[in-house]
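Student:
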DNA sequence: CCCCTTTTTAATCATTTGTTAACTGAGGAA
DNA sequence: TTCCTCAGTTAACAAATGATTAAAAAGGGG
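Chains as they are written, first to last, in my numbering: chain A, 1 to 227; chain B, 228 to 454.
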């Protein structure tokens, strides 16, 4: 899963240079050459990182940056400012607008790559700290959402807990008793058959037509989450 | 950038002890020995935290605290009350005036430091930005106004705080308990169901006909602000 | 004392949960 | 192979849980 880098820059030569290099690094790259469009695109595409020219037609990089940093939905997308002048004053101003890093043209591609990598490393875990994935299943414990192949799935509380438990140790087989203890709680009494019922409900919710089912039944032993 | 602690206390020995210790911890410290002056100074200097004696000449700590908590500009400066008597009754009264914590003399410097640190940690991130946006919601913490799609919305104080809290971590699901702790305060007891009522009022206020609602209910988990 | 906000309460509404019982199918024994 | 048994599957339903809502009560400030 490669990161998506957005370039807001009006000089075509720089864009193509950046694009070439970034794609070689394995990033998905898109770009825009004027400020107004850039802002629109960014909000639409929600890239993982932005390279932004200091000066842009229509809407300056500074303005875009300020705008993004105000909005909680976009304010943790890291921004690297590109500028022609190497003055300290501008650098300070750039940080002031909320830019996360600052590079003066001409810049070495190698250095830029390093900075990009560093910013991405910094921002990724923030947004995915409590997100667990297993094959095409993704569960987000913060927002309490579950996805299969990036499509959201709605689960009842118990099914959510059940899946959350399975995903901690995929492929491991759990007996009904273990499931009851871990998902329902130690000192709560429900019938063993109840587990079957919830397994069924979970299966129905996460299954996709013509795909091999994710939950395996192990006769006289229990259930497990399989890939 | 060190925090600024204000001491309102008339016993010189205590002041110098506190001052010595707090400065060693790296805080900027200022103080006043009478109530009236203290209030003036606080409004002038806007410290990050206040240590206030229960009894003060001119204007009691209780009065100052009440006064501050009424004013939007100062009501999130955390206040720790210092008092000689260790009586529960006073403790309740202190919280009643809006104090955030309560320490009885004689106190251990270590404990006081811990409490200061905890209160500062809690209040700092609040001062992130004066205007915050999330999608088409905008909230201005200075003027205490809220806009949806650039149209102003009027909210009661609690609804404002609630939305303000949600907007700090959009999409994150908060339990009723978390909401009570963070919006109402740690040491105030109201029924869980009260949260629902305020959620409802907030929903009614910020909703727009034929648009998907902004506040999501997550059964048996809580609520979250969605885009 | 009046007005506005908050909190409580209780009725209602919606979803989830556990249970039951009939059904299905795998696997072993004859 | 056929049949039998046992474990797992499934659907239907009743009970419980949790959320919404409206309305009344309680505070608090001007």
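Backbone N, C-alpha and C define an ideal beta-carbon position, used for all residues, glycine too.
Since the structure is predicted, the reported quantities are computational estimates derived from the model, not experimental observations.
1) Residues bridged to residue 309 of chain B by DSSP?
2) Could you tell me the boundaries of the alpha helix (DSSP H) in which residue 413 of chain B lies?
3) For residue 255 of chain B, report the span of its beta strand (DSSP E) as first-last.
4) Residues of chain A with CB under 8 Å from residue 418 of chain B, in chain order?
5) Do residue 160 of chain A and residue 144 of chain A have their CB atoms nearer than 9 Å?
6) Would you say residue 238 of chain B and residue 262 of chain B are within 9 Å of each other, going by their C-beta atoms?
7) Classify residue 196 of chain A as buried or exposed, calling it buried when 16 or more other Cβ atoms lie within 10 Å of its own Cβ.
8) Counting contacts by CB-CB distance shorter than 9 Å, is residue 156 of chain A in contact with chain B?
9) With 7 Å as the limit, tell me which residues of the stretch 389-409 of chain B have their beta carbon closer than that to any beta carbon of chain A; keep them in chain order.
10) Counting beta carbon pairs with one atom in the stretch 64-83 of chain A and one in the stretch 37-44 of chain A, are three or more of them shorter than 8 Å?
11) Please report the straight-line C-alpha distance between residue 396 of chain B and residue 436 of chain B, rounded to a whole angstrom.
12) Would you kindly report the start and end of the unbroken alpha helix (DSSP H) that includes residue 262 of chain B?
13) Using CA atoms only, rank isn't needed, just tell me which of B:234, B:243 and B:280 is closest to residue 269 of chain B.
14) Along the chain, where does the alpha helix (DSSP H) containing residue 20 of chain A start, and where does it finish?
15) For the stretch 61-76 of chain A, list every residue whose C-beta sits within 7 Å of some C-beta in chain B, in sequence order.
16) Once the 5 residues before and after residue 71 of chain A are set aside, which same chain residues still bring their CB inside 7 Å of it?
17) Within the same chain, show all residues whose beta-carbon is closer than 6 Å to that of residue 4 of chain A, passing over the 5 residues directly before and after it, in chain order.
18) Please confirm whether residue 144 of chain A has its beta-carbon closer than 9 Å to some beta-carbon of chain B.
19) Rounded C-beta distance between residue 183 of chain A and residue 221 of chain A? I'm assuming under 8 Å.
20) Short check: CB of residue 137 of chain A to CB of residue 206 of chain A, under 9 Å?
21) Please name the residue in A:83, A:84 and A:68 whose C-alpha comes closest to that of residue 77 of chain A.
22) On a CA-only basis, which of B:385, B:431, B:306 and B:244 is nearest residue 337 of chain B? Give me that one, please.
23) Report yes if the CB atom of residue 164 of chain A is closer than 9 Å to the CB atom of residue 132 of chain A, and no otherwise.
24) So, does the CB of residue 379 of chain B fall closer than 9 Å to a CB anywhere in chain A?
25) To the nearest angstrom, how far is the alpha carbon of residue 148 of chain A from that of residue 223 of chain A?
26) Run through DSSP, which three-state label would residue 301 of chain B get?
27) Roughly how many angstroms separate the alpha carbons of residue 369 of chain B and residue 356 of chain B, rounded to a whole number?
28) Pull out every residue of the stretch 430-450 of chain B whose Cβ sits closer than 7 Å to any Cβ of chain A, in chain order.
29) Could you work out which residues of chain A lie near residue 387 of chain B, taking near to mean beta carbons separated by less than 7 Å?
30) What do you get for residue 393 of chain B, buried or exposed, if any count of 16 or more other CB atoms within 10 angstroms of its CB means buried?
31) For residue 426 of chain B and chain A, any beta-carbon pair shorter than 9 Å?
32) Pop quiz: residue 9 of chain A and residue 51 of chain A are said to be a contact at Cβ under 8 Å. What is the actual Cβ separation, rounded to whole angstroms?
Tutor: Working from what's here:
1) Counting from one through the second chain, the residue named residue 309 of chain B turns up at place 82. Residue 309 of chain B is bridged to B:280 and B:330.
2) Translated into positions along the second chain, residue 413 of chain B becomes position 186. Taken as a continuous stretch (DSSP letters only), residue 413 of chain B belongs to no alpha helix (DSSP H), as it is neither H nor E.
3) By one-based count along the second chain, residue 255 of chain B stands at place 28. First-last of the beta strand (DSSP E) with residue 255 of chain B: 255-259.
4) Counting from 1 along the second chain, the entry for residue 418 of chain B is found at position 191. The contacting residues do not exist; residue 418 of chain B stays about 22 Å from chain A at best.
5) Stepping through the first chain from its first residue, residue 160 of chain A is reached at position 160. Stepping through the first chain from its first residue, residue 144 of chain A is reached at position 144. It is a contact, given that the beta carbons lie within the stated cut-off.
6) In the second chain, the residue the question calls residue 238 of chain B occupies position 11. In the second chain, the residue the question calls residue 262 of chain B occupies position 35. No, Cβ-Cβ distance for residue 238 of chain B and residue 262 of chain B is not below 9 Å.
7) Start at 1 with the first residue of the first chain, and residue 196 of chain A comes out as number 196. That one is exposed.
8) Against the first chain, residue 156 of chain A aligns to sequence position 156. Yes, residue 156 of chain A counts as interfacial toward chain B.
9) Within the stretch 389-409 of chain B, the residues whose Cβ lies closer than 7 Å to some Cβ of chain A are 394, 397, 398, 399 and 400, listed in chain order.
10) At 8 Å Cβ cutoff, the stretches touch.
11) As a working note, residue 396 of chain B is residue 169 in the second chain. As a working note, residue 436 of chain B is residue 209 in the second chain. Rounded to whole angstroms, residue 396 of chain B to residue 436 of chain B spans 25 Å at the Cα level.
12) Position 35 of the second chain holds residue 262 of chain B. 262-272 is the extent of the alpha helix (DSSP H) around residue 262 of chain B.
13) Looking up residue 269 of chain B in the second chain gives position 42. Closest option to residue 269 of chain B, Cα to Cα, is B:234.
14) Position 20 of the first chain holds residue 20 of chain A. Unbroken alpha helix (DSSP H) run through residue 20 of chain A: 12-24.
15) 70, 71, 72 and 73
16) On the first chain, position 71 is the one that residue 71 of chain A refers to. Taken in chain order, the list of residues that qualify is empty.
17) For this step, residue 4 of chain A is matched to residue 4 along the first chain. Here the set comprises 28, 47 and 48.
18) Mapped onto the first chain, residue 144 of chain A falls at position 144. Interface flag for residue 144 of chain A against chain B is set, since a Cβ pair is found closer than 9 Å.
19) By 1-based counting over the first chain, the position of residue 183 of chain A is 183. By 1-based counting over the first chain, the position of residue 221 of chain A is 221. That belief does not hold up - the Cβ atoms of residue 183 of chain A and residue 221 of chain A are roughly 17 Å apart, past 8 Å.
20) What you label residue 137 of chain A is simply residue 137 of the first chain in a count that begins at 1. What you label residue 206 of chain A is simply residue 206 of the first chain in a count that begins at 1. Yes, these two residues count as a Cβ contact at 9 Å.
21) Here residue 77 of chain A refers to the residue found at position 77 of the first chain. If we check each option's Cα against that of residue 77 of chain A, A:68 comes out closest.
22) Within the second chain, residue 337 of chain B is the residue found at index 110, counting from 1. Considering only alpha carbons, the answer is B:244.
23) Along the first chain, one-based indexing puts residue 164 of chain A at 164. Along the first chain, one-based indexing puts residue 132 of chain A at 132. Cβ distance < 9 Å, so residue 164 of chain A and residue 132 of chain A count as in contact.
24) Taking the first residue of the second chain as position 1, residue 379 of chain B is located at position 152. Chain A, which has no Cβ nearer than 9 Å to the Cβ of residue 379 of chain B, makes this no.
25) Position 148 of the first chain holds residue 148 of chain A. Position 223 of the first chain holds residue 223 of chain A. Residue 148 of chain A and residue 223 of chain A: Cα-Cα distance of roughly 19 Å.
26) By one-based count along the second chain, residue 301 of chain B stands at place 74. Of the three classes helix, strand and coil, the one that applies to residue 301 of chain B here is coil, per DSSP.
27) As a working note, residue 369 of chain B is residue 142 in the second chain. As a working note, residue 356 of chain B is residue 129 in the second chain. About 10 Å.
28) Within the stretch 430-450 of chain B, the residues whose Cβ lies closer than 7 Å to some Cβ of chain A are 445, 446, 447 and 448, listed in chain order.
29) Indexing the second chain from 1 puts residue 387 of chain B at position 160. For residue 387 of chain B, no chain A residue has a Cβ inside 7 Å of its Cβ, as the nearest lies near 16 Å away.
30) The residue labelled residue 393 of chain B in the question sits at position 166 within the second chain. Buried, because 16 or more other Cβ atoms sit within 10 Å of the Cβ of residue 393 of chain B.
31) Within the second chain, residue 426 of chain B is the residue found at index 199, counting from 1. By this cut-off, residue 426 of chain B is not an interface position.
32) Here the question's residue 9 of chain A lines up with position 9 in the first chain. Here the question's residue 51 of chain A lines up with position 51 in the first chain. Rounded, the Cβ-Cβ distance is 7 Å, consistent with contact.
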